[in-house]
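Colleague:
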Amino acid sequence: MFRGNPTSTVEFDMTSRRSRADNGPTPQRQSALPVACIVTADEDFLEVVIPELSPWVEVIVRDGYENLARWTREANVAAVLLDIDTEGEDELGGLPVLNELRRLNENFTLISLSRARPRAVEKQALNAGADAHFRNPVDVTDLRMALVETMRRRSEDAERERMRQQSIEFSRFQDFVGVSEQMRLVYDAIQQVAGSSINVLIRGESGTGKELAARAIVALSRRANKPYIRVNCAALPESLIESELFGSERGAFTGATESRPGQIELADGGTLFLDEIATLTVPLQTKLLRVLEDHQVQRLGGRTQRKIDFRLICATNEPLEEMVRTGRFREDLYYRIHVIPIDLPPLRERSGDIPLLCDFFLQMHCVANGITVKRISSDALSIFEEHTWPGNVRELENLIQRLVVTVRGDEIGLSNLPSRVLAQSVAAQEAILVPAEGIDFDDEIRRLEVALLTTALSRTQGSKTAAARLLKIDGQRMKYLCRKYAL
338 MFRGNPTSTV
348 EFDMTSRRSR
358 ADNGPTPQRQ
368 SALPVACIVT
378 ADEDFLEVVI
388 PELSPWVEVI
398 VRDGYENLAR
408 WTREANVAAV
418 LLDIDTEGED
428 ELGGLPVLNE
438 LRRLNENFTL
448 ISLSRARPRA
458 VEKQALNAGA
468 DAHFRNPVDV
478 TDLRMALVET
488 MRRRSEDAER
498 ERMRQQSIEF
508 SRFQDFVGVS
518 EQMRLVYDAI
528 QQVAGSSINV
538 LIRGESGTGK
548 ELAARAIVAL
558 SRRANKPYIR
568 VNCAALPESL
578 IESELFGSER
588 GAFTGATESR
598 PGQIELADGG
608 TLFLDEIATL
618 TVPLQTKLLR
628 VLEDHQVQRL
638 GGRTQRKIDF
648 RLICATNEPL
658 EEMVRTGRFR
668 EDLYYRIHVI
678 PIDLPPLRER
688 SGDIPLLCDF
698 FLQMHCVANG
708 ITVKRISSDA
718 LSIFEEHTWP
728 GNVRELENLI
738 QRLVVTVRGD
748 EIGLSNLPSR
758 VLAQSVAAQE
768 AILVPAEGID
778 FDDEIRRLEV
788 ALLTTALSRT
798 QGSKTAAARL
808 LKIDGQRMKY
818 LCRKYAL
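First residue of the sequence shown? That's 338 in this note's numbering, and the numbers climb one at a time after it.
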């Protein structure tokens, strides 16, 4: 049925002719039109479709599937019109090619063509990645309109994605994402202290990014390529934390079968980050203070002092001033570590950064899970901006990660959000009362009246007089409403 070499490529000299059947607007000629590749060996079809498409795209014709995916990438093709029964014994042999094209390029336009009549073929083509499917005989005007519209939509999507990426990059500072004034102050503070060796205390609620701040300070400091040792003081049992911090000699305690350096020694020349420093006992605070004063460390069971040079960064979400006042934290150690404080704002105080954070986490976790990047509906985003986020950025990221995996579609909407987030949102309540598509006011009032009347009558075992008292309306109105709704 088909003619021509299946591996050849044919390029046509394009003109600006238009089909007489075209009633659409005249396209504006450009110096460089997008490239559309038609893959078919049906020359009769080509004679009809090329004049229809040529004013809108630069048409290139191939009559075979060989190396098609690689070639479309090299030729910077914006659209492919693929005849899925062009070659081979399998009449739908182009379906795997369609699937491969979509897998390699999520952004370009794919339209499938076939002579097969069953509806199942169209479904298979769309499942394989086609944006649209046409059966012969093809209405070339409809084909052209589908091609142009899909290319326009995909171009707009690509531009939005490019701008979104630019927005995320512009809003990033080290591992932080945010452009709010509160975060700008944090960035300035980090840059000011990074070049020095002064001790830094990072304060903020759990989940605000205290470790990110510590890493940012290190990354911008002269010790960036030196050891960075992180110790979560709250995660270690009291019986182990002393040897973990200061090291131990062989035989210092039961089970100490060999000498080992502590985390402070390992940080020599670099930076020691003590997270949740407020959980250290007062005796350990005393030993740490001595190390900071003498720049020496002595292992458990050891007799010699070892010279040590490290920068200390601490973090806490506890009120250290109150702990000092009650004797739970040494005042002299407090002043040693509190040389320069950096306060991280909770997420509820920087809600303007939430859209940026959502975009960032969506992209990160979608890519990590090998799925198309999802988006959040405007209603759902409004709810995110209203939520108090007691777990701060960590809570937001964990929720986004969960939604990425559990939501089947491309958009995360109101119905996908957990009830604990919806419960405290005014935006959610408004969206439920008045959805985006609007409501019939009279119908809603009617349903509400019926629900109130039915509930009141149920509670009063059908007594209209008692139900009227419960609803605080007079008996005559109660009887009228019951007649109105046949209750």
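Where a beta carbon is used, it is the ideal one built from N, C-alpha and C, also for glycine.
1) Grab me the residues of Pro362's own chain with a C-beta within less than 6 Å of its C-beta, minus the 5 sequence neighbours each way, in chain order.
2) Identify the continuous beta strand (DSSP E) that holds Asp811 and give its terminal residues.
3) Would you give the residue range spanned by the alpha helix (DSSP H) that Ile679 belongs to?
4) For Ser558, which of helix, strand or coil comes out of DSSP?
5) What runs of the alpha helix (DSSP H), each 4 residues or longer, lie entirely inside the region 509-590?
6) I need the DSSP call for His702, collapsed to helix, strand or coil.
7) Should Ala760 be labelled buried (16 or more other beta-carbon atoms within 10 Å of its own) or exposed?
8) For Thr725, list the residues DSSP reports as bridge partners.
9) According to the neighbour-count rule (16 or more other Cβ atoms, all chains shown, within 10 Å of its Cβ), is Arg662 buried or exposed?
10) Under the three-state reduction of DSSP, which class applies to Lys801: helix, strand or coil?
11) Reducing DSSP to helix, strand and coil, say where Gln738 ends up.
12) Tell me the rounded alpha-carbon separation between Glu732 and Gly775.
13) Using 9 Å as the threshold, is the C-beta distance between Ser511 and Arg687 below it?
14) In three-state terms, what does DSSP make of Lys821?
15) Could you tell me whether the Cβ atoms of Ala416 and Val372 are closer together than 9 Å?
16) Could you give the first and the last residue of the continuous beta strand (DSSP E) run that contains Phe471?
17) Can you find the residues in the same chain that come closer than 7 Å, C-beta to C-beta, to Lys624, ignoring five residues on each side of it along the sequence?
18) Using DSSP with H/G/I as helix, E/B as strand and the rest coil, what is Asp605?
19) Once DSSP output is grouped into helix, strand and coil, what is the label at Gln622?
20) Below 6 Å CB to CB, which residues in the same chain sit around Ser596 once its five sequence neighbours on both sides are set aside?
21) Can you tell me which of Glu786, Phe721 and Leu785 puts its alpha carbon nearest to the alpha carbon of Pro755?
22) The alpha helix (DSSP H) that contains Asp780, what's its start and end?
23) With burial defined as no fewer than 16 other Cβ atoms inside 10 Å of the residue's Cβ, what is the status of Tyr817: buried or exposed?
24) Given a cut-off of 9 Å on the beta-carbon distance, is the pair Leu609 and Leu649 in contact?
25) Should Asp811 be labelled buried (16 or more other beta-carbon atoms within 10 Å of its own) or exposed?
26) Could you check where the alpha helix (DSSP H) with Ser756 kicks off and where it finishes?
27) Going by C-alpha distance, which of Glu459, Ile578, Arg481 and Asp381 is nearest Arg472?
28) Secondary structure at Glu655, three-state DSSP: helix, strand or coil?
29) Is the beta carbon of Asp696 sitting closer than 9 Å to the one on Gly750?
30) Among Gly689, Ala467, Ala531 and Thr487, which residue has its Cα nearest to the Cα of Gly515?
31) Taking 9 Å as the threshold (C-beta atoms), are Ile421 and Arg399 in contact?
32) Would you grab the beta carbon distance between Glu542 and Asn729 for me? Rounded to a whole angstrom, and I think it's under 8 Å.
33) Out of Leu573, Arg665, Gly707 and Arg456, state which residue places its alpha-carbon closest to the alpha-carbon of Pro620.
34) Do three or more CB pairs link the region 482-497 to the region 520-529 at distances below 8 Å?
Modeller: Taking the definition as stated:
1) In this prediction, Pro362 scores a pLDDT of 43, lower than 50, which makes its location untrustworthy; no coordinate-derived value is stated.
2) Segment: none, Asp811 is in no beta strand (DSSP E) and carries neither H nor E.
3) That residue, Ile679, is in no alpha helix (DSSP H); its beta strand (DSSP E) goes Ile677 to Asp680.
4) coil
5) 518-531, 547-556 and 575-583
6) helix
7) exposed
8) In DSSP, Thr725 forms no bridge with anything.
9) exposed
10) helix
11) helix
12) 32 Å
13) The sequence given here places Gln at residue 511; Ser does not occur at that position. No, the Cβ-Cβ distance between Gln511 and Arg687 is not below 9 Å.
14) helix
15) yes
16) Ala469 to Arg472
17) Phe583
18) coil
19) helix
20) Glu586 and Arg587
21) Phe721
22) Phe778 to Arg796
23) exposed
24) yes
25) exposed
26) Ser756 to Ala760
27) Glu459
28) coil
29) no
30) Gly689
31) no
32) 6 Å
33) Arg665
34) no
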